[in-house]
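J.: Structure provided below as structure tokens; questions to follow.
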Ligand code: ARG
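In the numbering used here, the protein residues as written are 4 to 610.
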């Protein structure tokens with residue numbers, strides 16, 4: 004799979020360079036929004052004319068000449084408009100040659116997407132991308148704030164695989180720190196050995212609060228927990244075993260939520276903060292030695308007892324400043340010797356660059372961590388950690404709001420638990436499902452009702468999130484996300500189910516060999532949109548504008564509905580037309596399923 008723009012560039016890029024010289028980074032071909040300007044435009048004459056000292060219109064004539072000259076004709080119409088815009092209409096042959104290819108179960112070389120009933124992805128490329136996402140702190144409930152990281156990060160992974168990259172998922176869970184000392188003390192010093200197995204570890208946050216309260220009122224327990232923190236840090240075998248037990252129990256609850264949410268994260272993707280703990284003291288010492296106080300552009304200096312990284316620009320001015328205009332440090336060791344979040348992230352970054360061989364590392368967290376990642380990336384750059392082509396990206400997102408436009412909370416003001424929210428979505432989807440036909444007969448079995456409600460409910464939560472501009476806050480509304488009309492998951496899933504229903508009525512497979520219908524304007528519009536799928540995925544990956552995939556799916560469903568209204572499929576009269584239209588339906592269904600799968604949504608055959 005490759006994009007139409009790229010295919011056109013490849014056909015004409017070199018020939019045009021002979022006429023125009025180099026035109027820099029401007030796109031040669033751009034898709035048009037309005038079909039009265041053709042399918043694509045080439046507006047390069049306007050930007051090159053001045054440099055070449057000719058009139059734009061004359062240059063456009065020359066360019067049009069080149070565009071007409073290809074061996075196989077890419078365009079059925081080339082017109083020059085205004086001061087030098089060139090409007091291009093793709094030829095049918097070219098359009099046909101660039102329709103996405105149906106994925107047929109593994110025999111296709113470009114099977115990066117790899118699901119039955121989808122379309123093929125891009126050719127594999129030798130790029131390894133580490134994606135750090137979800138990454139909850141396990142001593143706390145996974146709440147709605149982790150929803151966005153999980154959904155967005157997962158979609159990023161899916162898009163990258165589809166583009167042919169090698170993806171390494173990393174769940175940087177917070178599984179280390181003093182809270183765990185307290186939790187160990189609760190289990191080891193406060194609970195009878197025989198009852199340890201009964202302690203509910205599904206909600207470490209609640210347990211931690213309980214333990215904290217006890218430590219506050221009982222000096223003996225306070226002392227026990229202090230000793231457990233030390234024992235944990237010193238690697239005491241029994242304490243470590245208890246910590247492991249707590250973490251693994253808690254992770255299994257998180258994994259249930261992942262399974263419900265349908266994200267790709269597996270237990271082997273978990274590499275929590277604790278993994279890097281043994282590397283931290285050597286790392287800090289190494290940095291102290293390499294960048295002693297006074298080094299530029301980066302120094303490791305002690306400030307108020309804490310070990311800090313300070314960074315400077317070429318003029319020796321601090322790169323980061325606090326509110327008081329003082330240089331802002333990245334603290335890597337507290338005065339009491341404890342390491343911090345940035346210390347772990349430095350170790351993790353080095354591990355990802357060297358051990359995981361990342362060409363790119365992507366971090367998905369909310370926007371409040373912007374400064375942390377700016378400092379981390381800057382420090383890595385100044386220390387020369389980034390080899391040729393290695394890139395770091397922080398993909399941020401806004402807050403999920405409640406109906407009052409404040410961060411979403413429960414009525415009693417608690418954080419909304421992610422699992423509760425997802426279960427409610429499924430329940431609500433079940434409630435609106437039409438389970439009986441017009442004769443009052445059941446349409447589905449119990450198992451089907453379960454599966455459909457789950458797909459629709461979870462899909463709606465994900466889609467509502469991904470269809471927003473990523474960096475904006477958004478108001479969480481079940482009513483809106485479950486609506487059957489508009490740019491919602493139910494609307495798209497319903498469109499997919501309708502396509503499936505037509506294909507079920509045409510079980511003979513003759514049509515699978517037919518050409519895709521393109522003669523009617525409604526058919527051609529749909530086919531053109533299908534052919535633009537590849538460049539839509541590329542566009543969405545640029546700056547991670549995943550909402551572009553949603554917009555694409557929404558337009559696709561709309562164009563399909565229009566086609567379906569004007570072009571009878573099963574009852575098409577002319578010979579062969581029925582088959583061609585079925586092919587168009589099939590390809591539309593496959594592309595819709597593929598784009599939904601890139602967003603992390605499953606489809607249903609009936610709903
Ligand atoms: N555990 C952190 C939190 O919940 C997110 C971790 C993001 N990843 C990282 N490498 N810092 O805020």
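All C-beta atoms, glycine included, are put in the ideal place defined by N, C-alpha and C.
(1) Relative to the alpha-carbon of residue 535, which residue among 100, 301 and 60 has its alpha-carbon at the smallest distance?
(2) Just to confirm, does residue 351 get its C-beta within under 7 Å of one of the non-hydrogen atoms of the ligand ARG?
(3) By a C-beta neighbour count over all protein chains shown, 10 Å radius and 16 as the cutoff for buried, is residue 305 buried or exposed?
(4) Just verifying my parser: in three-state terms, what is the DSSP assignment at residue 611?
(5) The beta strand (DSSP E) that contains residue 566, what's its start and end?
(6) With hydrogens ignored, establish whether the beta-carbon of residue 410 is closer than 7 Å to any heavy atom of the ligand ARG.
(7) Do the CB positions of residue 70 and residue 15 come within less than 8 Å of each other?
(8) Compare the Cα-Cα distances from residue 402 to each of 396, 410 and 330 and report the closest residue.
(9) What does residue 133 pair with, by DSSP beta-bridge criteria?
(10) Regarding residue 175 and the ligand ARG, is the C-beta to nearest heavy atom distance less than 7 Å?
(11) Assuming residue 202 and residue 190 make a contact with CB atoms under 8 Å, what is their CB distance in whole Å?
(12) Does the ligand ARG have a heavy atom nearer than 7 Å to the CB of residue 138?
(13) In the DSSP assignment, what are the bridge partners of residue 92?
(14) Any heavy atom of the ligand ARG inside 7 Å of the beta-carbon of residue 357?
(15) Do the CB positions of residue 165 and residue 125 come within less than 8 Å of each other?
(16) Please determine whether the Cβ atom of residue 366 lies at a distance below 7 Å from any heavy atom of the ligand ARG.
(17) Would you say the beta carbon of residue 348 is closer than 7 Å to some non-hydrogen atom of the ligand ARG?
(18) Out of 378, 332 and 328, state which residue places its alpha-carbon closest to the alpha-carbon of residue 352.
(19) Report all residues from its chain with a CB closer than 7 Å to the CB of residue 516; omit the five preceding and five following residues, and keep chain order.
(20) Below 7 Å, is the gap between the Cβ of residue 157 and the nearest heavy atom of the ligand ARG?
(21) Pairing CB atoms from the stretch 490-508 with CB atoms from the stretch 452-462, are three or more of them under 8 Å?
(22) Using the Cβ count rule (16 or more neighbours within 10 Å means buried), how would you classify residue 112?
(23) Starting from the Cα of residue 47, find the closest Cα among 37, 385, 500 and 60 and give me that residue.
(24) Excluding five sequence neighbours on each side, which residues of the same chain lie with their C-beta closer than 7 Å to the C-beta of residue 336?
(25) Pairing CB atoms from the stretch 126-141 with CB atoms from the stretch 358-373, are three or more of them under 8 Å?
(26) For the pair the stretch 154-174 and the stretch 442-451, tell me if three or more CB-CB distances fall below 8 Å.
(27) List in chain order: all unbroken beta strand (DSSP E) runs of 3+ residues lying wholly within the stretch 24-77.
(28) Residue 589 and residue 506 - do their beta-carbons sit closer together than 8 Å?
(29) When you compare the CB positions of residue 470 and residue 550, do they come within less than 8 Å of one another, or not?
(30) Going by DSSP in three states, residue 140 sits in which element: helix, strand or coil?
(31) With a threshold of 7 Å on Cβ separation, who are the neighbours of residue 532 within its own chain once the five nearest residues in sequence on each side are excluded?
(32) Should the stretch 5-14 be regarded as contacting the stretch 538-546, the criterion being three or more beta carbon pairs within less than 8 Å?
(33) Tell me which residues share the same chain as residue 272 and place their Cβ nearer than 7 Å to its Cβ, disregarding the 5 neighbours each side in the sequence.
(34) Quick check for students: name the residue ranges of the alpha helix (DSSP H) that lie wholly in the stretch 424-488, counting only runs of 4 or more.
(35) Taking residue 105 as the reference, give the member of 134, 285, 583 and 593 with the closest Cα.
(36) Between residue 83 and residue 64, which are expected to be in contact by the criterion C-beta below 8 Å, what is the C-beta distance as a whole number of angstroms?
T.: Concretely, from the data shown:
(1) 100
(2) yes
(3) exposed
(4) Here the chain has residues from 4 to 610 only, and residue 611 is not among them.
(5) Taken as a continuous stretch (DSSP letters only), residue 566 belongs to no beta strand (DSSP E), being part of the alpha helix (DSSP H) at 550-569.
(6) no
(7) yes
(8) 410
(9) 171 and 364
(10) yes
(11) 6 Å
(12) yes
(13) 80
(14) no
(15) yes
(16) yes
(17) yes
(18) 378
(19) none
(20) no
(21) yes
(22) Below a pLDDT of 50, predicted positions are generally treated as unreliable, and residue 112, at 48, falls in that range; the measurement from the model is reported next regardless. Exposed.
(23) 60
(24) 287, 309, 310, 342 and 346
(25) yes
(26) no
(27) 43-45
(28) yes
(29) yes
(30) strand
(31) 558, 559 and 562
(32) yes
(33) 172, 173 and 174
(34) 449-469 and 481-484
(35) 593
(36) 7 Å
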